[in-house]
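Visitor: Below you will find the structure I want to go over with you.
Numbering (UniProt numbering), first residue to last: 1 to 310.
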């Protein structure tokens, strides 16, 4: 049972945030479409040169079990070539993206003391987009000035992301890697902001995953996580309506039992030395076809958190 104090704290974190225009989408670029239709995508990563025998393995200051869910990886590998099809399986994310970016821009500009009205407010900051998929979040972050690393455990996703990013000189600088958060921790990598949007509901071990996110976040840095609430309303909208009625997503994309409530997410993050500072909900209006930021966190919600002092 979650205490009334925690519930009060969670709901005090929610507030509306100013939205920003949708970033430029390159999904209709003829070169990208041609490459996507003709290029073969292999499930196996390209061979890498063997390291010298004398090279020691990277040190690790965090022993954690893998949070990968092989079943979920296979689901996304099967539809990886549709990441930049705005009318395909990822249509909900394309529609939600401007709203997600509005929250990210508002909270991170405030966190890092940046000008939210600047065209490149994240200049000089290092971000990692964990579970980046085809790069629909990584690209606008790069256009806002951040040095972005995009990571995903599905090789096809990374190939799609790199192919699309290469169409624009600004986004071609994104460092895409087929790896996991746990492996990046072993490499002792650190970032000013760690983002994992619509990912935690697809991992096998949410607590271990959040420990990795915490380890990747620099002291004084920020962590942002968005997911779906484990509520009956979420079951009705995110699964029954989205997957079975409107058929926005392939059936079986989401498992309701894998969703986390806001209370559970706050507790998991606190145990990983991350303190949630603010939450907001994403609400879809079927009449306008638009998403907006709300204090309603009963279905889709996002949390902005800070790394505790080490």
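C-beta: ideal position from N, C-alpha, C; glycine also.
Note that this is a predicted model, so its numbers are computed, not measured.
Would residue 297 and residue 281 be called neighbours here (beta carbons separated by less than 7 Å)?
Guide: Taking the C-beta atoms as reference points, residue 281 is found nearer than 7 Å to residue 297.
Visitor: For the 8 Å Cβ check, are there 3 or more pairs between the segment 116-131 and the segment 78-93?
Guide: Taking 8 Å as the limit for Cβ pairs, the verdict is that the segment 78-93 does not touch the segment 116-131.
Visitor: If the criterion is Cβ atoms closer than 7 Å, does the pair residue 274 and residue 214 meet it?
Guide: yes
Visitor: Quick check on residue 355: buried or exposed, where buried means 16 or more other Cβ atoms within 10 Å of its Cβ?
Guide: Look at the range of the chain in this structure, 1 to 310, and you will see that residue 355 is not part of it.
Visitor: Spatial neighbours of residue 149 within its chain, please: CB distance less than 6 Å, with the 5 preceding and 5 following residues excluded, ordered by chain position.
Guide: If we look at residue 149 and ignore the five residues flanking it on each side, its Cβ neighbours are 128, 175.
Visitor: Along the beta strand (DSSP E) that carries residue 290, what are the first and last residues, could you check?
Guide: For residue 290, the enclosing beta strand (DSSP E) starts and ends at 290-294.
Visitor: Residue 111: which of 221, 231, 92, 236 sits nearest, CA to CA?
Guide: 221
Visitor: Return the CA-CA distance between residue 152 and residue 115, expressed in angstroms with no decimal places.
Guide: Their backbone Cα atoms lie some 30 Å apart in a straight line.
Visitor: Tell me whether the beta-carbon of residue 193 lies closer than 7 Å to the beta-carbon of residue 260.
Guide: no
Visitor: What is the rounded straight-line gap between the Cα of residue 199 and the Cα of residue 170?
Guide: 25 Å
Visitor: Specify the secondary structure class of residue 280 as computed by DSSP and reduced to three states.
Guide: strand
Visitor: Does residue 261 come out as helix, strand or coil in the three-state DSSP assignment?
Guide: coil
Visitor: Run the CB neighbour count on residue 272, radius 10 Å, all protein chains shown included, and call it buried at 16 or more, exposed below.
Guide: buried
Visitor: With DSSP collapsed to three states, give me the class of residue 308.
Guide: coil
Visitor: Report the residue ranges of all alpha helix (DSSP H) runs contained in full by the UniProt domain "Methyltransferase type 11" (128-223); include only those spanning at least 4 residues, in chain order.
Guide: 138-143, 155-165, 181-186, 206-216
Visitor: Leaving aside the five residues before and after residue 308 along the sequence, list all residues of the same chain whose C-beta is less than 8 Å from its C-beta, in chain order.
Guide: When the five nearest sequence neighbours on each side are left out, the beta carbons in the same chain lying within less than 8 Å of the beta carbon of residue 308 are those of 273, 274, 275, in order along the chain.
Visitor: Could you give the distance in angstroms between the alpha-carbon of residue 144 and the alpha-carbon of residue 102?
Guide: 12 Å
Visitor: By a C-beta neighbour count over all protein chains shown, 10 Å radius and 16 as the cutoff for buried, is residue 286 buried or exposed?
Guide: Flag for residue 286 reads exposed.
Visitor: Looking at residue 228 and residue 201, is the spacing between their C-beta atoms short of 7 Å?
Guide: yes
Visitor: How is residue 42 classed by DSSP in three states: helix, strand or coil?
Guide: The predicted position of residue 42 is uncertain, since its pLDDT is 37 and thus under 50; a value taken from the coordinates is nonetheless stated next. Coil at residue 42, not helix or strand.
Visitor: Comparing alpha-carbon positions, which option in 96, 207, 100, 106 lies nearest residue 270?
Guide: 207
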